[in-house]
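Heads up: the structure comes next, in structure tokens.
Residue numbers (the numbering used here), protein chains in the order written: chain A, 1 to 295; chain B, 1 to 281; chain C, 1 to 440.
Shown next, in the form of structure tokens:
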């Protein structure tokens, strides 16, 4: 995983020229804003009107006692816990199902990938309609069964899974593609040997396929964690955080605090918390992954 | 004897699995079909019932009205400009850096690589407020540059390109090195042509990311003439829902998705094949 | 004099660029919610021919563009209601500050306290807007720290929209034709039950999801009816978790618990249910009157016999929640004198046509309009005339959007997740306190 160690030609000047574009943009639009964000978080800083006052770590103290903040953290973690394993598993299953040659499989690959090209506004519109208790896709079904239509997005327990469902539908294409790429790289000889051994499907999967793609698996999980932690659009557009804050996510709270209430300093403190949280989780993942490698 | 039977039962299992997958794929597409159906029905009919997959009574008016508005095509144009330029820049920047990390040796290589990778863990939300203030200070909001620039340095892109270049056999470059070709020539003439599959993958991911980007365009492009499709649609949905009706909303969603779906259908062979060939070989 | 100045500029511009004509129009960027209805009203040039908030404001802008003689052109940007103030705020950073924008009086202090709006008294005097014609309460709404920052355009309040046929079926129509409405919490529930029994429909329909907070407005009304102001005038304290608050919240919860209202309805859903004859009373604002009236008259809706009633005094005096739409000029260093002049001309045009806006159902804020025979002739106006006096607004306090949103989420939890009134109010109190702490 690391960049060191591989044999390369010693050419510092050229190398830095090659690296310059990336690191210049990286410094201006990522590193510097990160520090500036921290600086803003030490202020009572308003979005409009130019009011700013240094207040040290007061914003962080407020965060600590802010119930809604902890609630959004809990909601965000819940969402991550719902989506990451299911997304990874579904992506893997689909990749296994559509991996291979033939026209039909190519079409299937396209179908599962296609929902990823829609924008978040379209995806949430589609799913809000599908799940609507009033005009939804399932309403005729409920009526036929004589059940009162379930109002998924307003249901305290079902709202979050509904958002997760829409997210799965939207996002499974990319991890599936990564798994397909990895499956294509598994040496064919391994499978041939297994066939001679009369190994069952399950044991081929467990003993050959999964170990061969474990790096991709780790990559997918890390990317998913990073991606799902940042959930904003789906919750913002489908439930606006409701019912009763059950689906209010951290990023939504950051957005509301900064852009609705103009408390940019406080919002930045939350953003820092989000950063630390994600950083911690990703590190944990990588560490676990590496430990798995060593074993 | 056992081999033959095993093969037979394996084939049955294969067929059953494929059948299940096909069924699942149909289920997968139902919401899309339904939305398209609704977009082809009159608003009045949809008030009565949204059920069914046959657009009858049929109307094309919802689309007609959209085109008359002329804002949606403009949003599409912005989305394309942003997505295409972001994709091109990400590919250039990532492959350059990836080549350096994969093939060249220089001081602090390991440290720089770690710094780069660490960027993967900085969520955009941790920096979007400072970015917002920066672009405000520069007076650069409501421009294409503002929508693209913060998105060009993508650690995962560099990471993928590094991994890819590292897997390219050394021998391919050695001939050129004997000819005293410059590193840039080697990169440009040999490595880049070889990396078309990896570039396709990365380009595809970037394009989709750019197309779907929501939070940043939402705060940076506040002028209706500068909206991208994603932001514009969000604004139209609230507006239309009150005054125009469901059919129009659905038509706007379909209309805005059409270009990227068509693009996808054209390139899908390359995309899926490119991804399947993968970051390696 | 203005004309010659304009001509001189035009001549200069023409000389410099060699392009004549198109550059002459002064563009006024106009920021508003109320929806986008270009397809229906984009070509309607007379406001008198339009209907509903969206239609009338669209036609007003069209009419101004067609009729003004100073070469001004209003360019409208419609923003979704939910994102409107976020976008308006963002324009101060992103650079496209509008010349004229709509603003609620409840939001005004956020902008005026930070010096983000242009004081308008002088401009009004210059273009001839008579501030003495405004209802005093409206003028007060538009003023903070003794400075006039806005053109008040309406007063809007909560109303009971009534399906008379269903009421008659339930036996709730008096001999004189007036609607019998509850006068106490107990009566509301018992009448609701009786209504449900006799008609099989919901007694009440209203937006019950997390987005609009219609029930927060009702709850605030109930608080005023008991003599409690939810926010203190200095904006430092909130009286939410109080015995009065609990009484009001318990009644609202009971409405849902007894099945008198459908919890599943969002804003359009509630309107649809009412128009489809599925509910006796729709709790919604003044802005719906024109729309429901014309729908009922058109014969296309199931609702045939529509009436309006003031929100009754269930806990005492019939106070009711109100707010006000106003027009403001956001401060912009880059605005030219010509643009300012054009913007003021547009604001004056809007003021001159205040009656057109009042057709939506909103209460007019101009005494001359209220006194006019044409206003009296508008449908149903006598039914809710008292609302103008009952209307009560929160004190001029900052961050009311955050406060409203926090209260909405926590109050709605009573019927969406089954929270007890006391717990819901404790949560509301806590969220609101946290916001108020940050008010300066």
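Heads up, the beta-carbon is just placed ideally off N, CA and C, and yes, glycines get one too.
Given the structure is predicted, the values throughout are model-derived calculations rather than measurements.
Candidates the options: closest to residue i by CA position
{"i": "residue 98 of chain A", "options": "B:234, B:17 and B:212", "result": "B:17"}
{"i": "residue 398 of chain C", "options": "C:230, C:439 and C:387", "result": "C:439"}
{"i": "residue 209 of chain B", "options": "A:218, A:227 and A:211", "result": "A:227"}
{"i": "residue 99 of chain B", "options": "B:165, B:152 and B:64", "result": "B:165"}
{"i": "residue 116 of chain C", "options": "C:284, C:148 and C:367", "result": "C:148"}
{"i": "residue 91 of chain B", "options": "B:263, B:195, B:248 and B:231", "result": "B:195"}
{"i": "residue 225 of chain C", "options": "C:112, C:364, C:59 and C:390", "result": "C:390"}
{"i": "residue 204 of chain B", "options": "B:191, B:41, B:157 and B:182", "result": "B:157"}
{"i": "residue 292 of chain C", "options": "C:68, C:65, C:89 and C:160", "result": "C:160"}
{"i": "residue 310 of chain C", "options": "C:405, C:231 and C:289", "result": "C:289"}
{"i": "residue 56 of chain A", "options": "A:287, A:269 and A:288", "result": "A:269"}
{"i": "residue 296 of chain A", "options": "B:259, B:12 and B:39", "result": "Here chain A comprises residues numbered 1 to 295, so residue 296 of chain A is not present and cannot be evaluated."}
{"i": "residue 125 of chain C", "options": "C:191, C:85, C:348 and C:153", "result": "C:348"}
{"i": "residue 223 of chain C", "options": "C:313, C:119, C:297 and C:154", "result": "C:313"}
{"i": "residue 108 of chain B", "options": "A:82, A:276, A:242 and A:13", "result": "A:13"}
{"i": "residue 217 of chain C", "options": "C:243, C:228 and C:321", "result": "C:321"}
{"i": "residue 287 of chain A", "options": "A:93, A:223 and A:218", "result": "A:218"}
Contact check, residue i vs residue j, beta carbons under 8 Å
{"i": "residue 278 of chain A", "j": "residue 123 of chain B", "result": "yes"}
{"i": "residue 220 of chain B", "j": "residue 147 of chain B", "result": "yes"}
{"i": "residue 380 of chain C", "j": "residue 328 of chain C", "result": "no"}
{"i": "residue 75 of chain B", "j": "residue 214 of chain B", "result": "no"}
{"i": "residue 264 of chain A", "j": "residue 47 of chain A", "result": "yes"}
{"i": "residue 512 of chain C", "j": "residue 35 of chain C", "result": "Outside the shown range of chain C (1 to 440) lies residue 512 of chain C, about which nothing can therefore be said."}
{"i": "residue 360 of chain C", "j": "residue 123 of chain C", "result": "no"}
{"i": "residue 100 of chain C", "j": "residue 33 of chain C", "result": "no"}
{"i": "residue 168 of chain A", "j": "residue 239 of chain A", "result": "no"}
{"i": "residue 86 of chain A", "j": "residue 159 of chain A", "result": "no"}
{"i": "residue 429 of chain C", "j": "residue 233 of chain C", "result": "no"}
{"i": "residue 104 of chain B", "j": "residue 24 of chain A", "result": "no"}
{"i": "residue 79 of chain B", "j": "residue 211 of chain B", "result": "yes"}
{"i": "residue 200 of chain B", "j": "residue 102 of chain B", "result": "no"}
{"i": "residue 221 of chain C", "j": "residue 261 of chain C", "result": "no"}
{"i": "residue 189 of chain C", "j": "residue 162 of chain C", "result": "no"}
{"i": "residue 434 of chain C", "j": "residue 107 of chain C", "result": "no"}
{"i": "residue 365 of chain C", "j": "residue 109 of chain C", "result": "no"}
{"i": "residue 60 of chain C", "j": "residue 47 of chain C", "result": "yes"}
Minimum Cβ-Cβ distance from residue i to chain D less than 8 Å
{"i": "residue 222 of chain B", "result": "Annotation note: the requested chain D is absent from the structure, which comprises protein chains A, B and C."}
Whole-angstrom C-beta distance between residue j and residue i, which should lie under 8 Å
{"i": "residue 282 of chain A", "j": "residue 225 of chain A", "result": "6 Å"}
{"i": "residue 62 of chain C", "j": "residue 44 of chain C", "result": "6 Å"}
{"i": "residue 250 of chain A", "j": "residue 431 of chain C", "result": "About 17 Å separates the two Cβ atoms, so there is no contact after all."}
{"i": "residue 151 of chain C", "j": "residue 137 of chain C", "result": "Rounded, the Cβ-Cβ distance is 15 Å, inconsistent with contact."}
{"i": "residue 203 of chain C", "j": "residue 316 of chain C", "result": "About 22 Å; that fails the 8 Å criterion."}
{"i": "residue 186 of chain A", "j": "residue 203 of chain A", "result": "Between residue 203 of chain A and residue 186 of chain A the Cβ distance is about 15 Å, and since that is not below 8 Å, they are no contact."}
{"i": "residue 346 of chain C", "j": "residue 97 of chain C", "result": "Incorrect: roughly 16 Å between the Cβ atoms, too far for contact."}
{"i": "residue 260 of chain A", "j": "residue 402 of chain C", "result": "6 Å"}
{"i": "residue 35 of chain B", "j": "residue 172 of chain A", "result": "About 19 Å; that fails the 8 Å criterion."}
{"i": "residue 105 of chain C", "j": "residue 386 of chain C", "result": "Wrong, their Cβ atoms sit about 21 Å apart, outside the cutoff."}
Report the residues of the segment 260-277 of chain C with a CB closer than 7 Å to any CB of chain B, ordered along the chain. 268
Measuring CB atoms only, is the segment 238-258 of chain C touching the segment 420-427 of chain C, in the sense that at least three cross pairs come out at less than 8 Å? yes
Listed in chain order, which residues of the segment 325-336 of chain C have Cβ atoms closer than 9 Å to some Cβ of chain B? none
According to a CB-to-CB cut-off of less than 8 Å, which residues of the segment 87-110 of chain C neighbour chain B? 87, 90, 91, 93, 94, 95 and 96
When the Cβ atoms of the segment 195-215 of chain C are set against those of the segment 264-275 of chain C, are three or more pairs found closer than 8 Å? yes
Sufficient close CB pairs (3 or more, under 8 Å) joining the segment 247-256 of chain B to the segment 115-127 of chain A: yes
Do the segment 369-380 of chain C and the segment 52-62 of chain C touch if we need at least three Cβ pairs shorter than 8 Å? no
Short of 8 Å Cβ to Cβ, which residues in the segment 224-246 of chain A face chain C? 239, 240, 241, 242, 243, 244, 245 and 246
For the structure I just gave you, are there three or more beta carbon pairs, one from the segment 105-118 of chain B and one from the segment 32-46 of chain A, closer than 8 Å? no
Residues within the segment 11-38 of chain A neighbouring chain B, beta-carbon criterion of under 7 Å: 11, 12, 14, 15, 16, 18, 19, 21, 22, 25, 26, 29, 30, 33, 34, 36 and 37
Within the chosen definition, does the segment 98-110 of chain A reach the segment 138-158 of chain A through at least 3 CB pairs nearer than 8 Å? no
What residues from the segment 194-222 of chain B come within 7 Å of chain C, judged by C-beta to C-beta, listed N to C? 219, 220 and 222
For the segment 261-283 of chain A, enumerate the residues whose C-beta is nearer than 7 Å to any C-beta of chain B, in chain order. 264, 267, 268, 271, 272, 274, 275, 278, 279 and 282
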